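Chemist:
2 protein chains.
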Amino acid sequence: MNSEPLPLCNWFGETPKRGVMARGKRPVRSARVAECRVGLVGFGTVGRSVARILCERAPASLRLTHVCSRRIRRRELDWLPEDVRWTDDVNELLSSNVDVVVELVGGLEPAGEWIRSALRAGKSVVTANKRLIAHCGPELLELAHQMGGQLAFGASVAGGIPVISALQDGLAGDCLLQVRGILNGTCNYVLTEIESAGVSLAAAVEEAQKLGFAEADPSEDLDGLDAAAKLAILARAGLRVQLRVEDVLRRSIRDVAAIDFRYARELGCTIRQVSRAEVSGDSVFAAVQPALVPLPSPLARVQGSQNLVIATGEFGGETVFSGFGAGGDPTAVAVVSDLVSLAKANTNGARPAAARAPKEIRSDFFSPHYVRFTVKDRPGIIASLAAVFSEHQINIDSVLQKPGYPKSSLPFVIAFEACSAALLEQALDKVRPMEFFVQPPVSLPVLN
Amino acid sequence: MNSEPLPLCNWFGETPKRGVMARGKRPVRSARVAECRVGLVGFGTVGRSVARILCERAPASLRLTHVCSRRIRRRELDWLPEDVRWTDDVNELLSSNVDVVVELVGGLEPAGEWIRSALRAGKSVVTANKRLIAHCGPELLELAHQMGGQLAFGASVAGGIPVISALQDGLAGDCLLQVRGILNGTCNYVLTEIESAGVSLAAAVEEAQKLGFAEADPSEDLDGLDAAAKLAILARAGLRVQLRVEDVLRRSIRDVAAIDFRYARELGCTIRQVSRAEVSGDSVFAAVQPALVPLPSPLARVQGSQNLVIATGEFGGETVFSGFGAGGDPTAVAVVSDLVSLAKANTNGARPAAARAPKEIRSDFFSPHYVRFTVKDRPGIIASLAAVFSEHQINIDSVLQKPGYPKSSLPFVIAFEACSAALLEQALDKVRPMEFFVQPPVSLPVLN
Chain A
887 MNSEPLPLCN WFGETPKRGV MARGKRPVRS ARVAECRVGL VGFGTVGRSV ARILCERAPA
947 SLRLTHVCSR RIRRRELDWL PEDVRWTDDV NELLSSNVDV VVELVGGLEP AGEWIRSALR
1007 AGKSVVTANK RLIAHCGPEL LELAHQMGGQ LAFGASVAGG IPVISALQDG LAGDCLLQVR
1067 GILNGTCNYV LTEIESAGVS LAAAVEEAQK LGFAEADPSE DLDGLDAAAK LAILARAGLR
1127 VQLRVEDVLR RSIRDVAAID FRYARELGCT IRQVSRAEVS GDSVFAAVQP ALVPLPSPLA
1187 RVQGSQNLVI ATGEFGGETV FSGFGAGGDP TAVAVVSDLV SLAKANTNGA RPAAARAPKE
1247 IRSDFFSPHY VRFTVKDRPG IIASLAAVFS EHQINIDSVL QKPGYPKSSL PFVIAFEACS
1307 AALLEQALDK VRPMEFFVQP PVSLPVLN
Chain B
887 MNSEPLPLCN WFGETPKRGV MARGKRPVRS ARVAECRVGL VGFGTVGRSV ARILCERAPA
947 SLRLTHVCSR RIRRRELDWL PEDVRWTDDV NELLSSNVDV VVELVGGLEP AGEWIRSALR
1007 AGKSVVTANK RLIAHCGPEL LELAHQMGGQ LAFGASVAGG IPVISALQDG LAGDCLLQVR
1067 GILNGTCNYV LTEIESAGVS LAAAVEEAQK LGFAEADPSE DLDGLDAAAK LAILARAGLR
1127 VQLRVEDVLR RSIRDVAAID FRYARELGCT IRQVSRAEVS GDSVFAAVQP ALVPLPSPLA
1187 RVQGSQNLVI ATGEFGGETV FSGFGAGGDP TAVAVVSDLV SLAKANTNGA RPAAARAPKE
1247 IRSDFFSPHY VRFTVKDRPG IIASLAAVFS EHQINIDSVL QKPGYPKSSL PFVIAFEACS
1307 AALLEQALDK VRPMEFFVQP PVSLPVLN
């Protein structure tokens, strides 16, 4: 990525907050935009990242007003605006005037009771709590509906990949028949580690624990409970079918060994923990289990702790979504995206997200380049070309020449190190008139 | 896919229409749900598919009431409900009481004037018209906002992949820095055809034309105009930056030849028409051009006429969306999804999409299976096992044995043809007590 000043994120066409403005001074808000007051319960990795995005980058319509954390002390955080109320008493936050409660504590209770309290008080709730949503989602949605609030849980499955809204809204025009995915990053890390390093499952789990990809007790991941909860949520959102976590057939990945990857490869496959749910008439099938998947399948290509979901629709065929399924920042993106949606729904008639006019439209770019030359061969061609590129301070990375072509029309390729495309074009303008070309050079950038 | 009765698609928890009900009789509607009257302008491949979905599968809140087509005669369509008004006069439709006009005619004019008329009349508009949205999107969105209507164009980019809503809403919590993609299925078909069959570009274009993937004049596709329009729309939705089609650097794919794929492979790459837009501070760069992309990149793996988009965010990293970018049915899914969203926005306080309870939860499934056995080797083991599987009518596909393991703990694999997982489990229960096993068999399904 780059370290230049970041683009202003222009949600709703408002002036976004900047880090500096967020300390003390707040940006002036247009009267048109209703402010949405946000209270955050839980201040772990995700909570901290949500708070940072809200304070430094989120639209002015979203305002972090309360944080409840028992473990963290406020004085450890110099970047948090002074007007954010800090408490270790969740009831203080629940009885405050926040419009939306963001629950990032996890687990069935007391998170469930806190969410019910918030909804009963007419507040909306955003949560990343997969276990709670898998078990109590329909009941909580019904409560939210009755009380006129909303419940959003985009962060509960596949972290930064907006797959719940994609299945529920983006593909609402299709009839989805099947949802498959790699929903547990820990298992995927462990399996790809066994695959690439040939280590035992125990060693791969230990490595994952060291890197923070696996819990001290990894059973929920390895035995499929975590993925089963996510699958139940996806089946509801995409297949519109009630599925309890207990209905999901589960098989542990604990039996998979390095040798299975060797044999799987003989069969043109690799091994992944695959979660899948299918409907057919009034019948549903759902399973989380290690399975052989053909190497060309998108499922086979998911490496490390990434997540992937494939939705199969009657009309749209297969649509694939992939990205970072966990981690503080990607999960925080899902939470803030839910908050933006809630704020948008509350701001009736909000202007569509305005796009700003850029100050500069760059037409040049830096990248390695590939140039194919086709020449009538004679000695000294490369030397003549190299002289021109050297004059332009463009470095040659390699020269490639495949056998089997006639000397009268001989193609060869020069791969250049990263350089300005405009500068390369200038150099090519200089070489183009050289008499040995039988067709003009073909130049392509090499992207990475 | 399957040919069994399809699942009831339960948008909004309503009773959906079924094919039979749609002819003449209409399903009884709950009083709570406001009906959204839809008028369709244009009845080509996409229009026909939209009409079919609306008549046979869409929620009762969406009702197709008008179709305007100059080319097609109504009597050619026996499946269209009798109460749908058919006209060849667009003004009749625009002045009717439809709530939403779906524009599927394409091109700048007269489509633009029709859309302006509809918006001025306070109607909402759904369109798949990439050229119009690329050129006049901001102006039309502003008009819709002023008149209290909405303008949705999810079908204008990447057909069935819900990428516009994903960038605009699903990733709204992130600051996107870059959007890259393969947005033109024709170019991708042509390039992958050159790659796999080693043919010339001209031959690949001719093949694409035969298959209906390329127009008689393929210039807009090959020279990047089509992709540039889509990129301008994506840049607005994702990067929130105004980008005109003319601002996009364009390079044709016409110079790419089979030999370039040979050389690209030497460099660990393949060649794709890549569309990309990046913001950095107040500066933006946008290009559509053939480029070398590393083989492991998701861009390199897009085959045939598929589309793919990679969004790179400051917080969420890379999120990838892929699927069918064109074709009647996938594009129709995008149109109907937009209609569902509009109807949802109009039905204030609509109940969240209800999920139905399935009648049956299947726990068995059919698939090929992989079973690894680890045995103390002696003659006759395969024969003993084969007898049991044959008894259960489970067919062996192949037996694999890798060298280099001790006879005292020898692993080998039997791959089974597709069979019931439960039946295989029964057979394994029978073999498990056999005395030659040094560890229990490991069984995995093979998914495809």
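Quick note, the sequences are listed as chains A and B, same order.
Residue numbering for the first sequence follows the numbering used here, starting at 887 and increasing by one per position.
Residue numbering for the second sequence follows the numbering used here, starting at 887 and increasing by one per position.
The beta carbon of each residue, even a glycine, is placed where N, CA and C say it ideally should be.
Since we're looking at a predicted model, the values are computed, not measured.
1) Using a C-beta to C-beta distance shorter than 7 Å, which residues of chain A count as neighbours of B/Val-1219?
2) Going along the segment 1134 to 1151 of chain A in order, which residues come within less than 8 Å of chain B, judged by CB to CB distance?
3) Do you know how far the Cα of A/Val-1091 is from the Cα of B/Ile-1300?
4) How far does the beta strand (DSSP E) with A/Cys-1305 in it extend, from its first residue to its last?
5) Beta-carbon separation of B/Val-1219 and A/Asp-1060 under 8 Å?
6) So A/Ile-1247 contacts chain B; which residues on that side make the cut at Cβ distance below 7 Å?
7) Does any C-beta atom of chain A lie closer than 8 Å to the C-beta of B/Ser-889?
8) Name the residue from B/Ser-1191, B/Leu-979, B/Leu-948 whose alpha carbon lies nearest to the alpha carbon of B/Cys-954.
9) Give me whichever residues DSSP pairs with B/Ser-1010 in a beta bridge.
10) In three-state DSSP terms, what is A/His-1255?
11) Taking the alpha carbon of A/Leu-846 as the reference point, which residue from A/Ser-1138, A/Pro-1216, A/Gly-1190 has its own alpha carbon closest?
12) Given 8 Å as the limit, is there contact between the segment 1112 to 1122 of chain A and the segment 1170 to 1177 of chain A, that is, 3 or more CB pairs closer than that?
13) Can the beta-carbon of A/Ala-990 be found closer than 8 Å to that of A/Leu-1005?
14) For B/Arg-1242, which of helix, strand or coil comes out of DSSP?
15) Any beta carbon from chain A within less than 8 Å of B/Phe-1210's own beta carbon?
16) Could you tell me whether the Cβ atoms of A/Glu-1164 and A/Gln-1054 are closer together than 8 Å?
17) Given that A/Pro-1292 touches chain B, what residues does it touch there, using C-beta distances under 8 Å?
18) By the three-class DSSP mapping on this structure, what secondary structure does B/Val-991 have?
19) When you check each C-beta in the segment 970 to 984 of chain A against every C-beta of chain B, which residues fall closer than 7 Å?
20) Applying the 10 Å Cβ sphere with the 16-neighbour rule, what's the burial state of A/Arg-959?
21) With the cut-off set at 8 Å, would you say A/Phe-1210 and A/Gly-1023 are in Cβ contact?
22) Roughly how many angstroms separate the alpha carbons of A/Val-924 and A/Ser-935, rounded to a whole number?
23) What does A/Gly-1209 pair with, by DSSP beta-bridge criteria?
24) Do you know how far the Cα of B/Ile-1047 is from the Cα of B/Leu-940?
25) Report the rounded CA-to-CA distance for A/Val-932 versus A/Asp-1215, giving the unit in angstroms.
26) If the cut is a Cβ gap below 9 Å, which residues of chain B does A/Cys-1073 touch?
27) Who are the neighbours of B/Gln-1159 on chain A, taking C-beta pairs under 8 Å?
28) Compare the Cα-Cα distances from A/Pro-1326 to each of B/Trp-972, B/Asp-1141, B/Leu-1069 and report the closest residue.
29) Who pairs with A/Ala-1038 in a beta bridge, going by DSSP?
30) So A/Ala-1308 contacts chain B; which residues on that side make the cut at Cβ distance below 8 Å?
31) Mind pulling the chain A residues with CB within less than 9 Å of B/Lys-1288?
32) By Cβ distance, which residues of its chain are closer than 7 Å to B/Glu-1081, with the 5 residues on each side in sequence left out?
33) For A/Arg-1122, I'd like the list of residues in its chain whose CB is within less than 8 Å of its CB, leaving aside the five on either flank, ordered along the chain.
34) Can you tell me whether A/Pro-1319 is helix, strand or coil according to DSSP?
35) How would you label A/Gly-1035, buried or exposed, when you count the other beta carbons within 10 angstroms and need 16 or more for buried?
36) Find the residues of chain A that neighbour B/Leu-1228, judging by a C-beta separation of less than 7 Å, and give them in chain order.
Modeler: Short version:
1) Leu-1057, Gly-1059, Asp-1060, Gly-1199, Phe-1201, Gly-1202
2) Leu-1135, Asp-1141, Val-1142, Ala-1143, Ile-1145, Asp-1146, Arg-1148, Tyr-1149, Ala-1150
3) 28 Å
4) 1296 to 1306
5) yes
6) Asp-1133, Val-1170
7) Its pLDDT being 37, under 50, B/Ser-889 is placed unreliably in this model, and the value from its coordinates should be taken loosely. B/Ser-889 does not count as touching chain A.
8) B/Leu-979
9) B/Val-986
10) strand
11) Past the edges of chain A, shown from 887 to 1334, lies residue 846 of chain A, and the structure says nothing about it.
12) yes
13) According to the sequence shown, residue 990 of chain A is Leu rather than Ala. Cβ distance not < 8 Å, so A/Leu-990 and A/Leu-1005 don't count as in contact.
14) strand
15) yes
16) no
17) Those within 8 Å of A/Pro-1292 in chain B number zero; the least Cβ separation is about 13 Å.
18) coil
19) none
20) exposed
21) no
22) 14 Å
23) A/Asn-1193
24) 19 Å
25) 7 Å
26) Residues of chain B passing the Cβ test: none, with the nearest at roughly 14 Å.
27) Correct list: empty, because the minimum Cβ distance to chain A is about 11 Å.
28) B/Asp-1141
29) A/Val-1012
30) Those do not exist, as A/Ala-1308 stays about 11 Å from chain B at its closest Cβ, beyond 8 Å.
31) Ile-1145, Arg-1148, Tyr-1149, Glu-1152
32) Phe-1147, Thr-1156
33) Gly-1023, Pro-1024, Gln-1128, Leu-1129
34) coil
35) buried
36) The contacting residues do not exist; B/Leu-1228 stays about 11 Å from chain A at best.
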